[in-house]
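Please read the structure below before turning to the comments.
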Amino acid sequence: MAKEITARSEDYSKWYLDIVRKAQLADTSAVRGCMVIRPTGYAIWEKMRDQLDKMFKETGHVNAYFPLFIPKSFLSKEADHVEGFAKECAVVTHHRLMNNPNGSGVVVDPSAKLEEELIVRPTSETIIWNTYKDWINSYRDLPLLINQWANVVRWEMRTRPFLRTAEFLWQEGHTAHATQQEAIAESKLIHEVYARFAEDFMAMPVVKGAKSANERFAGAVETYTIEALMQDGKALQAGTSHFLGQNFAKAFDVKYSNSDNKEEYVWATSWGVSTRLVGGLIMTHSDDEGLVLPPKLAPIQVVIVPIPKPSPEILEVANRIKTDLNAKGISVKIDQDEKKRPGFKFAEYEMKGVPVRIGIGKRDLEKNQVEVARRDTKTKESQPLESVASHVASLLDEIQLNLFERAKAFRDEMTTEANDFKTFEELINDKGGFVSAHWDGTIETELKIKELTKATLRCIPDDAIEENGKDVLTGAPSSKRVLFAKAY
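Numbering (my numbering), first residue to last: 90 to 577.
Structure representation (structure tokens):
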């Protein structure tokens, strides 16, 4: 199976598409730019969704659902917002079809034109803040901490499964607060939740920081981001949390009466991550043999393969091991398919990224042992039956940590300082990765660097140290380094 995967060194883009196809994560669809998420790919998203949902609820958030369709006039109420999304919107203009009077099939009924066009949501700030106007009256109604799990549509011209599709799945949080300080604290709290999820569950190291004014979410006062580095040296924006100030509250006239009975506009945040994280997971850990999954997000953490076929004696031991592992909260599959040979099964589960494989044969039973193989290092060892469950539980923790440390070592190796533009260009074009450089803080310089190198300013890191320096391009004074990279 691995021979059907293009090597990363040969064509990274093709390698990625091969992994998505061969690991059965997603397929193309009849709708241009949209994907069909297959059961394996959706199971990974479910694991992500369930863990994030738990983390959101632990911080006091609740789920709701808002309409897919947004009146066009709503997008006109916040100028920066509409400018940011206008070119990506799918528009509904009619509400009915009719039989084609000139032949077979159906056509749009010209008499069914909507009085006002509807936008298929690219994001939900406008429809939600129009609703919040009715929900918020007093300081007693605040804070309002709501999240929704939904799909959105952004009309992308160049698409790639999970990373950039016309329709994708995501969560979007929208909160309302009495004070600016509370709203900023909320956006930073979620920023931390995203970073913790990426590192603790995805085993994907990230840089936490703020976006430049040019890269902020449309309509935001501040955007906080987590940036990850993929194996080809390109950055991936993995999650963003936005402090929206009072922009949407003023656009939709959302006010509350404070404790002194004076009216004030509320303060807002929004934040979201999407199925793009599945793409990030693939590109952070996978290899030329297929998908590699961190155990905490693997739909199947352990697969047991009887050798050469599932005899009653082998299945008895396999079920005993499965029971012991299930008791430890570990998901297990026993492969009882008699049509496929063990070698084919080994390759199939390696392709699908199952973290641990246990092989049980007649000779193993005679020695009272099993063979345990790990996906991340592709090593295997014999393990006594009496200790296999505790060993595998420890091994899964070890694999989770190893994947994170391996990705972090790569990220650190691929983060380089540049103090002049010649070095900056060489690093961006030849080495890739994050380039740490001084920036004079102007949009003009940021755009010029992008024009010359195709690198974008990924973030102003939270841990950036104050230091006197000179802008890498203009030589103008600068007080701290920022991160640039080519990106998805």
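Every residue, glycine too, gets a C-beta built ideally from N, C-alpha and C. Since the model is a prediction, treat every value here as computed from it, not as a measurement.
Sheet register partners of residue 412 (DSSP bridge): DSSP, once it has assigned bridges, lists no residue as partnering residue 412.
Look up residue 480 in the DSSP assignment and say whether it is helix, strand or coil. Residue 480 carries a helical assignment under DSSP once its states are collapsed to helix, strand and coil.
One or two residues paired with residue 254 in a DSSP bridge: In the DSSP assignment, residue 254 forms no beta bridge with any residue.
Does DSSP classify residue 285 as helix, strand or coil? Assigned with DSSP and collapsed to three states, residue 285 falls in helix.
Let me confirm a value: residue 300 is counted as buried when at least 16 other C-beta atoms fall within 10 Å, else exposed. Which label applies? Under this definition residue 300 is a buried residue.
Can you tell me whether residue 319 is buried or exposed? The criterion is at least 16 other CB atoms within 10 Å of its CB, across all chains shown. Burial of residue 319 is indicated by the presence of at least 16 other C-beta atoms within 10 angstroms of its C-beta.
Nearest-angstrom Cα separation, counted from residue 522 out to residue 146: Cα atoms of residue 146 and residue 522: separation of roughly 35 Å, rounded to the nearest angstrom.
Which residues bound the beta strand (DSSP E) around residue 187? Its beta strand (DSSP E) spans residues 186-188.
I need the DSSP call for residue 488, collapsed to helix, strand or coil. Helix.
Under the DSSP definition of a beta bridge, which residues are partnered with residue 312? Paired residues: 331.
Contact under 7 Å by Cβ, residue 338 with residue 355: Yes; because the gap between Cβ atoms is below 7 Å, this pair is in contact.
Would the region 278-285 count as touching the region 366-383 if we require 3 or more Cβ pairs under 8 Å? The region 278-285 makes no contact with the region 366-383, as fewer than three CB pairs between them are under 8 Å.
Hey, out of 165, 256, 232 and 142, whose CA is closest to residue 120's CA? Taking residue 120 as reference, the option from 165, 256, 232 and 142 with the minimal CA-CA separation is 256.
With DSSP as the reference, identify every bridge partner of residue 373, one or two as the case may be. Paired residue(s): none; residue 373 is not in a bridge.
Would you please state the rounded distance, in angstroms, between the beta carbons of residue 325 and residue 577? I believe it to be under 8 Å. Going by Cβ atoms, the distance from residue 325 to residue 577 rounds to 5 Å, so yes, they are a contact pair.
Of the choices 248, 261 and 557, whose alpha-carbon is the least far from that of residue 177? Taking only the C-alpha atoms, the option nearest residue 177 is 248.
According to DSSP, is residue 244 helix, strand or coil? The DSSP-derived three-state label of residue 244 is coil.
Evaluate residue 465 with the Cβ neighbour count: other Cβ atoms within 10 Å of its Cβ, from every protein chain shown; 16 or more gives buried, anything less gives exposed. Around the beta carbon of residue 465, 16 or more other beta carbons lie within 10 angstroms, which makes this residue buried.
Hey, quick one: how far does the alpha helix (DSSP H) through residue 150 stretch, first residue to last? DSSP places residue 150 outside any alpha helix (DSSP H), giving it a letter other than H or E.
Answer with buried or exposed for residue 197, where buried requires no fewer than 16 other C-beta atoms within 10 angstroms of its C-beta. Exposed.
Are residue 39 and residue 567 close, meaning C-beta to C-beta below 7 Å? Residue numbering for the chain in the displayed model covers 90 to 577; residue 39 lies beyond these limits and cannot be assessed.
Nearest to residue 499 (by Cα), restricted to the options 373, 558, 392 and 435: Closest by alpha carbon: 373.
What do you reckon, are the CB atoms on residue 364 and residue 258 nearer than 7 Å? Cβ distance < 7 Å, so residue 364 and residue 258 count as in contact.
Return the chain-ordered list of same chain residues with a C-beta closer than 8 Å to the C-beta of residue 114, the five sequence neighbours on each side being excluded. Within the same chain, 108, 126, 127, 129, 130, 133, 250, 251, 367, 371 and 380 come within 8 Å of residue 114 by CB-CB distance, once the 5 residues on both sides are set aside.
Any idea what DSSP makes of residue 291, helix, strand or coil? Three-state result, residue 291: coil.
Pick from 439, 401, 334 and 342 that is closest to residue 377, judged by C-alpha positions: Nearest C-alpha to residue 377: 439.
Go ahead and pull the three-state DSSP assignment for residue 570. The three-state secondary structure of residue 570, taken from DSSP, is strand.
Pull the bridge partners of residue 236 from the DSSP assignment, please. For residue 236, which the question treats as bridged, DSSP gives the partners 152 and 262.
Name the one or two DSSP bridge partners that residue 225 has. Partner(s): none; residue 225 has no beta bridge.
Where do the ends of the beta strand (DSSP E) carrying residue 474 lie? No beta strand (DSSP E) contains residue 474, which DSSP labels as neither H nor E.
Closer than 8 Å is the cut-off here; do at least three beta carbon pairs connect the region 448-463 with the region 395-403? The region 448-463 makes contact with the region 395-403, as at least three CB pairs between them are under 8 Å.
State the DSSP-derived secondary structure class of residue 144, mapped to helix, strand or coil. Three-state result, residue 144: helix.
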